[in-house]
Every structure is written in structure tokens, then in C-alpha cells.
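Residue numbers (my numbering): 50 to 186.
Below is one structure, written out as C-alpha cells; the observations come after it.
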Ligand code: 5GP
Ligand code: ZN
């Protein structure tokens, strides 16, 4: 993808604060961090979102998240850790190259990532479960 900034960052064509790199991924610091240490896992190949991401990469990306969580915990001694991944504008995705957020959390950091709850009550859970289960492969 010629115009994709994350393709360029992932492949080292634009400078970044790189924390880790292997043949498939680069992990960099987010330029507008939600908290100290907020990082992004970027695949070097362009996939817009989780729907495009091949299963092989989906497995690898969580291994990277797992390893990074341990290293970052040792380095930053945070109190909690969010793994976040947005798909589509409605979900808050702003850069359309798959990425996974690694967000250290500190007591009282007010990062504002909490989810508004109580949505389920507006739906019939049994009906929703049936519709989804019918499509699970
Ligand atoms: P999204 O909202 O798509 O899930 O997250 C996009 C993230 O990419 C944001 O947290 C934003 O701060 C970060 N970001 C956007 N442009 C750049 C950039 O040029 N460099 C880095 N390091 N992060 C970026
Ligand atoms: Zn890209």
C-alpha cells in the first residue's frame, strides 16, 4: 500500500521508537500515547483489519502481545494492561492498517478506555446468541 503510513512505519521507511521487530511485525510507541508506554503492534504486510488478517498472523500477533506485556511490565511496573484492537470507523479505527494497542495502565491514570456497560439489556440475549452461533465455523 503506497499511501499507508503504518506500512512505512512497520517496514522502517519512516522513523519510529521501535521496541521490538521480527520478520512479520514491528512494535512501536504510539505517537499520541494514552498512557506512558502505549505501544502498537504492526504487521509488516498490509491488512486493513481483523477481517483481512490471515489466521497465521492472528496467532502470531497474540504471541507478540504476550511477550511484550511481560517485558513492558518489567520495564514500567504498571498496575494494569489493556490489549485493544479497533476495526472500522464505528469501532474507533483511524488508521486502516491492522494494529494492536498495548496500553499500560496506572492506578488513577484516567485514560478513558472504560466501556459503557448495560447495553445487553436492550437486546434479547438468547436471540443474539442464536444468530451468532449459527455462523460460528
Ligand atoms: P486506532 O484509532 O486506528 O485504533 O489507532 C491509531 C493509533 O495510531 C492512534 O493511537 C494514533 O495515536 C497512532 N498513530 C497515528 N499516526 C501515527 C504515527 O505516525 N506514528 C505513531 N507512532 N503512531 C501513530
Ligand atoms: Zn499499510
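Glycine residues also receive a C-beta, built at the ideal position from the N, C-alpha and C atoms.
### Query
residue 74 and residue 109: beta carbons closer than 9 Å?
Stepping through the chain shown from its first residue, residue 74 is reached at position 25. Stepping through the chain shown from its first residue, residue 109 is reached at position 60. For the pair residue 74 and residue 109, the CB atoms are nearer than the 9 Å cut-off.
### Task
Grab me the residues of residue 77's own chain with a C-beta within less than 7 Å of its C-beta, minus the 5 sequence neighbours each way, in chain order.
For this step, residue 77 is matched to residue 28 along the chain shown. The beta carbon of residue 77 sits closer than 7 Å to those of 58, 65, 66, 67, 68, 88, 89 and 91, all from its chain and outside the five residues before and after it, given in chain order.
### Task
Would you please state the rounded distance, in angstroms, between the beta carbons of residue 133 and residue 150? I believe it to be under 8 Å.
Taking the first residue of the chain shown as position 1, residue 133 is located at position 84. Taking the first residue of the chain shown as position 1, residue 150 is located at position 101. The pair is a contact, with the Cβ atoms about 4 Å apart (cut-off 8 Å).
### Query
Looking only at DSSP bridge pairs, what is residue 149 linked to?
Looking up residue 149 in the chain shown gives position 100. In DSSP, residue 149 forms a bridge with 90.
### Message
Applying the 10 Å Cβ sphere with the 16-neighbour rule, what's the burial state of residue 55?
### Response
Taking the first residue of the chain shown as position 1, residue 55 is located at position 6. Residue 55 should be labelled buried.
### Query
How should residue 140 be labelled, buried or exposed, when 16 other C-beta atoms within 10 angstroms of its C-beta is the threshold for buried?
Walking along the chain shown from the start, residue 140 turns up at place 91. Residue 140 counts as exposed, since fewer than 16 other beta carbons sit within 10 angstroms of its beta carbon.
### Message
Using DSSP's beta-bridge definition, name the partner residues of residue 13.
### Response
Lying before the first or after the last residue shown, residue 13 is absent from the chain, which here runs from 50 to 186.
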